[in-house]
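Okay, structure first, notes after.
Numbering (my numbering), first residue to last: 1 to 165.
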């Protein structure tokens, strides 16, 4: 096809306009921004992740088109909300035990394990494994102490201690 001298600039202008408009066709960033505004609102108000209000936010993130450049961020948000909706992990220090006279060592050991558990929550990645090992050792010692430490009058002979009348 042969262009006249007037048609060439118009054709070039048309190509430039098409290139400028095409990136604007991705509605994903706008949808993501609206969903994130709802997300931030629920976070700010302290709404529990298990509240049905979050269903709307998840749906808004899922509405971001799969071919959008914003889809990866929408997927991360969906996974984060779903993870918070899952069951809580077991409490690491939920150990039953007797309290009272004769259990001072157990109480002190329990406090040490609790301190280590809190430290692990604040530890950097480099230090976390070291704290985890210390916490595991602490828990093992706590189990041994609970098995052998009995308040007066509660026996203990089954653990190799002489019962006191």
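Each residue gets a CB set at the ideal place from its N, CA and C atoms; glycine is no exception.
Since the structure is predicted, the reported quantities are computational estimates derived from the model, not experimental observations.
DSSP state of residue i mapped onto helix, strand, coil
i, result
"residue 107", "helix"
"residue 121", "helix"
"residue 52", "coil"
"residue 70", "coil"
"residue 26", "coil"
"residue 40", "helix"
"residue 34", "helix"
"residue 93", "For residue 93, the pLDDT reaches just 49, beneath the cut-off of 50, and the residue's location in the model is therefore unreliable, although a value from the coordinates is still provided. If DSSP states are grouped into helix, strand and coil, residue 93 belongs with coil."
"residue 47", "coil"
"residue 57", "helix"
"residue 63", "coil"
Per-residue burial, residue i [other beta carbons within 10 Å of its own, 16 or more giving buried]
i, result
"residue 79", "exposed"
"residue 106", "buried"
"residue 59", "exposed"
"residue 25", "exposed"
"residue 149", "buried"
"residue 76", "exposed"
"residue 143", "exposed"
Residue of the options minimising C-alpha distance to residue i
i, options, result
"residue 54", "43, 63, 64", "43"
"residue 131", "146, 26, 115, 143", "115"
"residue 134", "51, 112, 57, 28", "112"
"residue 145", "28, 40, 104", "104"
"residue 84", "31, 37, 65, 48", "48"
"residue 168", "119, 108, 64", "No information on residue 168 is available, as it lies outside the stretch 1 to 165 that the chain covers here."
"residue 86", "74, 108, 109, 51", "51"
"residue 70", "117, 121, 123, 35", "35"
"residue 140", "110, 121, 38", "110"
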